[in-house]
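S.K.: Got a structure here, written out as structure tokens. Questions coming.
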Amino acid sequence: MSSDVILVIVVGTALVFDFTNGFHDTANVVATSISTGAARPGVAIGMAALLNFVGAFISISVAATVANDVVDAAAITPTVVFAGLIGAIAWNLITWSFGLPSSSSHALIGGVVGSAVAAAGFDAVIGEGLVGKVLIPAVVAPILSLLVAGIAIGLIYRIVGRQRPGMVTRGFRYGQLVSGGMLALAHGTNDAQKTMGVITLALIANGTLDASADPPTWVIVSAATAIALGTYSGGWRIIRTTGTRIIKMDAAQGFSAQGAGAAVILASTHFGFPLSTTHVINGGVIGAGAGKRVSAVRWGVAGNIVTAWLLTLPAAAAIGALAYRATAIFGSGTLGPVLVTLLSLSLIVAVFARRSRRGAPIPVS
Amino acid sequence: MATIVETKELLETIVASVVAGVGITVVFSIAIWGVARFADLGRDERPMAAAAAAALAGLALVATLGAVVFGIVVMTSK
Numbered sequence: 453m454s455s456d457v458i459l460v461i462v463v464g465t466a467l468v469f470d471f472t473n474g475f476h477d478t479a480n481v482v483a484t485s486i487s488t489g490a491a492r493p494g495v496a497i498g499m500a501a502l503l504n505f506v507g508a509f510i511s512i513s514v515a516a517t518v519a520n521d522v523v524d525a526a527a528i529t530p531t532v533v534f535a536g537l538i539g540a541i542a543w544n545l546i547t548w549s550f551g552l553p554s555s556s557s558h559a560l561i562g563g564v565v566g567s568a569v570a571a572a573g574f575d576a577v578i579g580e581g582l583v584g585k586v587l588i589p590a591v592v593a594p595i596l597s598l599l600v601a602g603i604a605i606g607l608i609y610r611i612v613g614r615q616r617p618g619m620v621t622r623g624f625r626y627g628q629l630v631s632g633g634m635l636a637l638a639h640g641t642n643d644a645q646k647t648m649g650v651i652t653l654a655l656i657a658n659g660t661l662d663a664s665a666d667p668p669t670w671v672i673v674s675a676a677t678a679i680a681l682g683t684y685s686g687g688w689r690i691i692r693t694t695g696t697r698i699i700k701m702d703a704a705q706g707f708s709a710q711g712a713g714a715a716v717i718l719a720s721t722h723f724g725f726p727l728s729t730t731h732v733i734n735g736g737v738i739g740a741g742a743g744k745r746v747s748a749v750r751w752g753v754a755g756n757i758v759t760a761w762l763l764t765l766p767a768a769a770a771i772g773a774l775a776y777r778a779t780a781i782f783g784s785g786t787l788g789p790v791l792v793t794l795l796s797l798s799l800i801v802a803v804f805a806r807r808s809r810r811g812a813p814i815p816v817s
Numbered sequence: 009m010a011t012i013v014e015t016k017e018l019l020e021t022i023v024a025s026v027v028a029g030v031g032i033t034v035v036f037s038i039a040i041w042g043v044a045r046f047a048d049l050g051r052d053e054r055p056m057a058a059a060a061a062a063a064l065a066g067l068a069l070v071a072t073l074g075a076v077v078f079g080i081v082v083m084t085s086k
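Each protein sequence line maps, in turn, to chains A and B. For what it's worth, the numbering used here labels the leading residue of the first sequence as 453, then goes sequentially. For what it's worth, the numbering used here labels the leading residue of the second sequence as 9, then goes sequentially.
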């Protein structure tokens with residue numbers, strides 16, 4: 453009975469994380485389309501939410517990769533998963549609060565690693581998996597998309613530079629509708645699966661599913677719904693940062709950033725090399741700006757984003773470890789998870805209330 | 009390092025990303041160039057050149073759509 457209650461709390465927390473994942477990462481998909489005028493904010497976000505929902509159903513093959521490759525499965529219990537999710541949600545909300553586009557995937561991995569270390573020591577971490585599947589891709593992804601977008605925008609200006617600006621802008625705006633749609637689909641496929649994987653892992657750890665079981669249909673539907681609702685809610689602060697604060701973007705730059713992002717994500721998917729969609733898109737935006745003129749990039753903003761990326765894994769791990777320790781104080785029953793959940797909900801409400809007092813969502817022109 | 013990171017897969021990812029990312033933007037840019045030239049040449053009453061520009065734009069658009077379909081196939085096959 454007690455383990456079932458913990459399982460329900462874990463599933464609920466995973467869906468809250470999935471919501472914050474969509475909310476936090478809306479900017480990856482829509483920021484460039486909105487800032488260049490390719491789509492109105494409501495249309496862009498609605499389309500992204502729909503395609504995120506559809507994307508979640510496309511594939512379930514990588515659903516359990518996150519935890520399996522970086523943490524020893526023997527160390528995983530529902531409480532470890534719960535504490536890891538608390539770490540990820542907390543870091544997502546902190547970075548949202550500052551308008552910084554950080555990786556939700558890295559927050560989730562950091563949270564689970566931190567809680568697993570707190571539960572079973574450093575032996576619980578699979579070092580090779582952490583380096584090969586997380587740390588090296590974290591460095592490669594933004595540099596690769598930056599280079600691709602930089603080269604692409606240089607060639608675009610050479611090809612269409614002498615044509616009438618109105619027609620060129622209109623053409624790239626149409627192109628952005630397609631490249632933005634591809635990004636939304638890829639995002640739904642990649643990120644919704646991480647939550648499916650975490651819920652499935654908790655169901656396996658609880659003995660509800662066999663170790664080789666695929667995610668049940670209700671898990672797929674609920675994860676798809678949560679990420680779509682989160683996306684539809686729209687994280688305006690991060691949309692503003694990605695769309696207007698790194699560079700002032702024209703439609704060609706928006707298209708090259710999205711095209712580079714979609715190409716890098718799809719190539720990595722094809723070759724089984726996991727990358728963060730947040731790192732890819734923001735690298736593409738910086739590359740599209742620098743490809744036109746290096747001084748066009750607001751390097752201070754870019755530096756803040758990179759700092760958030762560097763802090764994501766250790767910070768989410770620290771919060772995950774803290775959440776596990778706090779939960780463990782109350783033993784292995786339901787009291788710990790219930791109290792940590794209530795405390796977390798209080799902090800979430802406080803963060804939203806504090807931000808709400810500072811004014812309405814930031815308009816993006 | 010090679011045992012931690014699949015070097016071959018990493019290099020393939022980098023090459024495929026550069027080829028696909030730069031390729032699709034160049035091809036789509038050619039489509040836009042073709043449409044813009046078609047409009048300009050049509051206005052200048054040069055129908056043959058305008059038709060050639062339109063054909064180039066059409067081919068480039070088809071290639072772009074092909075790349076999009078390939079991307080969706082890649083996603084659904086994983």
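Positions of the beta carbon are idealized from the N, C-alpha and C atoms, including for glycine. A quick note: this is a predicted structure, and the numbers were derived from the prediction, not measured.
Using a beta-carbon distance below 8 Å, is B/Val77 in contact with chain A?
M.R.: In the second sequence, residue 77 of chain B corresponds to position 69, counting from 1. Judged by the 8 Å Cβ criterion, B/Val77 is not in contact with chain A.
S.K.: Quick check: what's the CA-CA separation for A/Asp477 versus A/Gly659?
M.R.: As a first step, residue 477 of chain A must be located in the first sequence, where it is residue number 25. As a first step, residue 659 of chain A must be located in the first sequence, where it is residue number 207. Taking the straight line joining both Cα atoms gives about 32 Å.
S.K.: Go to A/Gln645, then tell me how far its alpha helix (DSSP H) extends in each direction, as first and last residue.
M.R.: Translated into the one-based positions of the first sequence, residue 645 of chain A becomes position 193. That run of the alpha helix (DSSP H) goes 617-657.
S.K.: Just curious, the alpha helix (DSSP H) that A/Ser549 is in, first and last residue?
M.R.: The sequence position of residue 549 of chain A within the first sequence is 97, counting from 1. Note, A/Ser549: alpha helix (DSSP H), 530-549.
S.K.: What does a CB cutoff of less than 6 Å around A/Ala714 pick up in its chain, not counting 5 residues either side in sequence?
M.R.: Here the question's residue 714 of chain A lines up with position 262 in the first sequence. Result list for A/Ala714: Ser631, Met634, Leu635, in chain order.
S.K.: So if DSSP puts A/Val420 in a beta bridge, which residue, or which two residues, is it bridged to?
M.R.: Residue 420 of chain A lies beyond the residue range present for chain A, which begins at 453 and ends at 817; the question has no answer from this structure.
S.K.: Can you list the alpha helix (DSSP H) stretches of 4 or more residues lying completely in the region 687-774 of chain A, in chain order?
M.R.: Whole alpha helix (DSSP H) segments, 4+ residues: 688-692, 703-722, 729-744.
S.K.: Assuming B/Glu53 is part of the alpha helix (DSSP H), what are its boundary residues?
M.R.: Translated into positions along the second sequence, residue 53 of chain B becomes position 45. Element bounds for B/Glu53: n/a, residue is neither H nor E.
S.K.: Please report the distance separating the alpha-carbon of A/Val522 from that of A/Gly584.
M.R.: Locating residue 522 of chain A in the first sequence gives position 70, counting from the first residue. Locating residue 584 of chain A in the first sequence gives position 132, counting from the first residue. Taking the straight line joining both Cα atoms gives about 9 Å.
S.K.: Do A/His722 and B/Val82 count as a contact pair if the criterion is CB distance below 8 Å?
M.R.: Start at 1 with the first residue of the second sequence, and residue 82 of chain B comes out as number 74. Start at 1 with the first residue of the first sequence, and residue 722 of chain A comes out as number 270. Yes, these two residues count as a Cβ contact at 8 Å.
S.K.: Expressed to the nearest angstrom, what Euclidean distance is found between the alpha-carbon atoms of A/Ser513 and A/Ala654?
M.R.: Walking along the first sequence from the start, residue 513 of chain A turns up at place 61. Walking along the first sequence from the start, residue 654 of chain A turns up at place 202. With a pLDDT of 49 at A/Ser513, under the threshold of 50, the modelled position of this residue cannot be trusted, and the question is left open.
S.K.: From A/Gln710 to B/Ile32, what distance separates their C-alpha atoms?
M.R.: Taking the first residue of the first sequence as position 1, residue 710 of chain A is located at position 258. Taking the first residue of the second sequence as position 1, residue 32 of chain B is located at position 24. Those two C-alpha atoms are separated by around 11 Å.
S.K.: Pick from B/Val43, B/Ala71, B/Leu18: whose alpha carbon is nearest that of B/Ala59?
M.R.: Looking up residue 59 of chain B in the second sequence gives position 51. Taking only the C-alpha atoms, the option nearest B/Ala59 is B/Val43.
S.K.: Run through DSSP, which three-state label would A/Arg492 get?
M.R.: In the first sequence, counting from the first residue as 1, residue 492 of chain A sits at position 40. If DSSP states are grouped into helix, strand and coil, A/Arg492 belongs with coil.
S.K.: Given a cut-off of 8 Å on the beta-carbon distance, is the pair A/Ala675 and A/Ala508 in contact?
M.R.: Counted from its first residue, the first sequence places residue 675 of chain A at position 223. Counted from its first residue, the first sequence places residue 508 of chain A at position 56. In this structure, A/Ala508 lies closer than 8 Å to A/Ala675 by Cβ.
S.K.: Assess, as a yes-or-no matter, whether the region 620-629 of chain A is touched by the region 692-704 of chain A under the definition of 3 or more beta carbon pairs within less than 8 Å.
M.R.: Contact holds: three or more Cβ-Cβ distances are below 8 Å.
S.K.: Quick one: which residues of the region 744-776 of chain A get their C-beta closer than 9 Å to a C-beta of chain B? List them in chain order.
M.R.: Here the close residues number zero.
S.K.: Cutting at 8 Å between CB atoms, please list the residues of its own chain near A/Arg750, excluding the five before and the five after it.
M.R.: In the first sequence, the residue the question calls residue 750 of chain A occupies position 298. Result list for A/Arg750: Arg697, Ile698, Ile699, in chain order.
S.K.: By a C-beta neighbour count over all protein chains shown, 10 Å radius and 16 as the cutoff for buried, is A/Phe469 buried or exposed?
M.R.: The residue you call residue 469 of chain A lines up with position 17 of the first sequence. A/Phe469 comes out buried.
S.K.: Using DSSP with H/G/I as helix, E/B as strand and the rest coil, what is A/Pro594?
M.R.: Taking the first sequence and counting its residues from 1, the one referred to as residue 594 of chain A is at position 142. Reduced to three states, the DSSP call for A/Pro594 is helix.
S.K.: Taking just the CA atoms, how far does A/Ile458 sit from A/Ser818?
M.R.: Here chain A covers residues 453 to 817 and nothing more, so residue 818 of chain A does not appear.
S.K.: To the nearest angstrom, how far is it from the Cα of B/Asp48 to the Cα of A/Pro594?
M.R.: Numbered from 1 along the second sequence, position 40 holds the residue referred to as residue 48 of chain B. Numbered from 1 along the first sequence, position 142 holds the residue referred to as residue 594 of chain A. Spanning the two alpha carbons is a distance of roughly 39 Å.
S.K.: What is the C-beta distance between A/Leu423 and A/Val737, in whole angstroms, given that I count them as a contact (C-beta under 8 Å)?
M.R.: For chain A, the structure presents residues 453 to 817; residue 423 of chain A sits outside this window and is missing.
S.K.: Which residue wins for smallest C-alpha separation from A/Ile528, given the options A/Gly649, A/Ala678, A/Phe624?
M.R.: The residue you call residue 528 of chain A lines up with position 76 of the first sequence. A/Ile528 has its Cα closest to that of A/Gly649, out of A/Gly649, A/Ala678, A/Phe624.
S.K.: Check whether the Cβ atoms of A/Ala902 and A/Trp543 lie closer than 8 Å to each other.
M.R.: As shown, chain A starts at 453 and ends at 817. That puts residue 902 of chain A outside it, with no answer to give.
S.K.: Is A/Ile441 close to chain B? Criterion is C-beta to C-beta, closer than 8 Å.
M.R.: No information on residue 441 of chain A is available, as it lies outside the stretch 453 to 817 that chain A covers here.
S.K.: Using DSSP with H/G/I as helix, E/B as strand and the rest coil, what is A/Ala604?
M.R.: On the first sequence, position 152 is the one that residue 604 of chain A refers to. Three-state DSSP puts A/Ala604 in a helix.
S.K.: Do you know how far the Cα of A/Thr641 is from the Cα of A/Ile412?
M.R.: This structure leaves residue 412 of chain A out entirely; chain A is present only between 453 and 817.
S.K.: Using a C-beta to C-beta distance shorter than 7 Å, which residues of chain B count as neighbours of A/Arg616?
M.R.: Stepping through the first sequence from its first residue, residue 616 of chain A is reached at position 164. Residues of chain B passing the Cβ test: Ala44.
S.K.: Hey, quick one: how far does the alpha helix (DSSP H) through A/Gly563 stretch, first residue to last?
M.R.: Translated into the one-based positions of the first sequence, residue 563 of chain A becomes position 111. Unbroken alpha helix (DSSP H) run through A/Gly563: 556-572.
S.K.: Output needed for B/Ala75: all residues of its chain with C-beta closer than 8 Å, excluding positions within five of it in sequence on either side, in chain order.
M.R.: Indexing the second sequence from 1 puts residue 75 of chain B at position 67. Cβ neighbours of B/Ala75 beyond the five flanking positions: Ala28, Gly31, Ile32, Val35.
S.K.: Shorter than 8 Å from the beta carbon of B/Leu64 to some beta carbon of chain A?
M.R.: For the purposes of this step, residue 64 of chain B is identified with residue 56 of the second sequence, where counting begins at 1. Taking Cβ atoms only, chain A never reaches closer than 8 Å to B/Leu64, which makes this a no.
S.K.: How far does the alpha helix (DSSP H) with A/Val671 in it extend, from its first residue to its last?
M.R.: Residue mapping note: residue 671 of chain A aligns to position 219 of the first sequence, counting from 1. Here the alpha helix (DSSP H) through A/Val671 covers 669-685.
S.K.: With H, G and I counted as helix, E and B as strand and the rest as coil, what does DSSP make of A/Ala663?
M.R.: As a first step, residue 663 of chain A is located in the first sequence; it is residue number 211 there, counting from the start. Here A/Ala663 sits in coil by DSSP.
S.K.: Hey, is A/Gly536's beta-carbon within less than 8 Å of any beta-carbon in chain B?
M.R.: Translated into positions along the first sequence, residue 536 of chain A becomes position 84. Chain B contact via Cβ: absent.
S.K.: To the nearest angstrom, how far is the alpha carbon of A/Pro830 from that of A/Arg745?
M.R.: Only positions 453 to 817 of chain A appear in this structure, which leaves residue 830 of chain A out of reach.
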